[in-house]
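The structure under discussion appears below in the form of structure tokens.
Structure, rendered in structure tokens:
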């Protein structure tokens, strides 16, 4: 059953500036497998702890099914392997509370005190996120809006992760018959979407979209994982959730995490003084792409394409762009496969979209 999470607000005083600020939502990342005997009691203990009333709506949990012991969990993905290497995980079960700052180790040993300590730690970012799932097209669309409450380093990365609240088909012999919050897709890639350095008072808006291709498949094991280009492992599209967090790729510090709310933000920051809307097509693309945008008035416009490392791989300046709809074509033939941010910017505002290059 799908669960919905509401973020509470508190007040934080920073110097002479007062912020109406979100409570801290610790990020709980668990590496586990249906072929791991100790993972069964560890998951039971973790879920029992998180189910305590004092933890209601106060954390974000994502589980990564790994490719060992034995032949591993059939829902293992290459993205899981990248995340495993990020944390240098060499055994399961293994849990990281706020990247290990709050706790790391067997989920059975994490305590309420560990969670309470993280709840009491002020977040450095305030995140508002919304998502929609089109079950017919198997597409997930996410809007993320965040405000920065402290100076943050250039290693800042945005993670947008689709998970399934409950899966039942990946039984692997350790006695577990249901699995919670199973990661299905890291929409901004396993290393996150580069955000650059941010200073207090900065804000940003991102839109991310992903389409699960083909039909459902249950791989025989982790040795032959699903090929995302032609198949997927989502058991029920009605049971998907989205986790969003901001984290340093160097120190691994997690600045804040939230569950995205179902639906789209009624106060979308896509509305600004310069642009009415923007659209990328085809998306995903294997060659040429186009961005169609609508302007409120005549403006000079810069179009930039940035890769996941924060590098500008394409830039074009358009002078005296007329009000109304404009289409700009560009080639992705020299781009490596991956996720890119395409930004249209003028002196009065900017709008960004995500482009998947295959």
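In our numbering, the protein residues as written are 8 to 365. For each residue, glycine too, the CB sits at the ideal point set by N, CA and C.
Assumed close pair residue i, residue j - CB separation to whole angstroms, cut-off 8 Å
i: residue 140; j: residue 244; result: 6 Å
i: residue 29; j: residue 130; result: 6 Å
i: residue 310; j: residue 351; result: 5 Å
i: residue 100; j: residue 33; result: Contact flag wrong, Cβ pair sits at about 18 Å.
i: residue 165; j: residue 151; result: 7 Å
i: residue 314; j: residue 345; result: 7 Å
i: residue 158; j: residue 210; result: Actually they do not touch by this definition, with Cβ atoms about 14 Å apart.
i: residue 132; j: residue 262; result: 4 Å
i: residue 292; j: residue 240; result: Going by Cβ atoms, the distance from residue 292 to residue 240 rounds to 25 Å, so no, they are not a contact pair.
i: residue 208; j: residue 256; result: Not quite, the Cβ-Cβ distance comes to about 23 Å (not below 8 Å), so this is no contact.
i: residue 308; j: residue 359; result: Residue 308 to residue 359, Cβ: 13 Å. No contact.
i: residue 54; j: residue 187; result: 6 Å
Delimiting residues of the alpha helix (DSSP H) encompassing residue i
i: residue 86; result: 85 to 93
i: residue 51; result: 46 to 57
Enclosing beta strand (DSSP E) for residue i [first to last residue]
i: residue 152; result: 146 to 155
i: residue 327; result: 319 to 328
i: residue 307; result: 306 to 313
i: residue 1; result: Coverage of the chain is limited to positions 8 through 365, which leaves residue 1 absent and any answer about it impossible.
i: residue 339; result: Residue 339 -> no beta strand (DSSP E), and no H or E assigned at all.
i: residue 40; result: Premise fails: residue 40 is in no beta strand (DSSP E) and is neither H nor E.
i: residue 205; result: It is not in any beta strand (DSSP E) - residue 205 carries neither H nor E in the DSSP assignment.
i: residue 298; result: 295 to 302
i: residue 212; result: 210 to 218
i: residue 174; result: 163 to 174
i: residue 356; result: 356 to 364
i: residue 193; result: 186 to 193
i: residue 366; result: This structure leaves residue 366 out entirely; the chain is present only between 8 and 365.
Beta carbon of residue i nearer than 8 Å to that of residue j
i: residue 355; j: residue 306; result: yes
i: residue 81; j: residue 229; result: yes
i: residue 398; j: residue 349; result: Only positions 8 to 365 of the chain appear in this structure, which leaves residue 398 out of reach.
i: residue 109; j: residue 125; result: yes
i: residue 73; j: residue 83; result: yes
i: residue 103; j: residue 71; result: no
i: residue 238; j: residue 222; result: yes
i: residue 88; j: residue 42; result: no
i: residue 180; j: residue 47; result: no
i: residue 246; j: residue 138; result: no
i: residue 204; j: residue 160; result: yes
i: residue 250; j: residue 269; result: no
i: residue 62; j: residue 122; result: yes
i: residue 56; j: residue 119; result: yes
i: residue 362; j: residue 285; result: no
i: residue 267; j: residue 149; result: yes
i: residue 201; j: residue 317; result: yes
message: Restricting to runs no shorter than 3 residues, where is the beta strand (DSSP E) found entirely within the region 103 to 148?
response: Qualifying beta strand (DSSP E) stretches, in chain order: 110 to 112, 132 to 141.
message: To test your reading of the DSSP string, which unbroken alpha helix (DSSP H) runs of 4 or more residues are found completely within the region 222 to 264?
response: The qualifying runs do not exist here; there are none.
message: For the structure I just gave you, are there three or more beta carbon pairs, one from the region 213 to 222 and one from the region 187 to 200, closer than 8 Å?
response: Of all C-beta pairs linking the region 213 to 222 to the region 187 to 200, three or more are shorter than 8 Å, placing the two stretches in contact.
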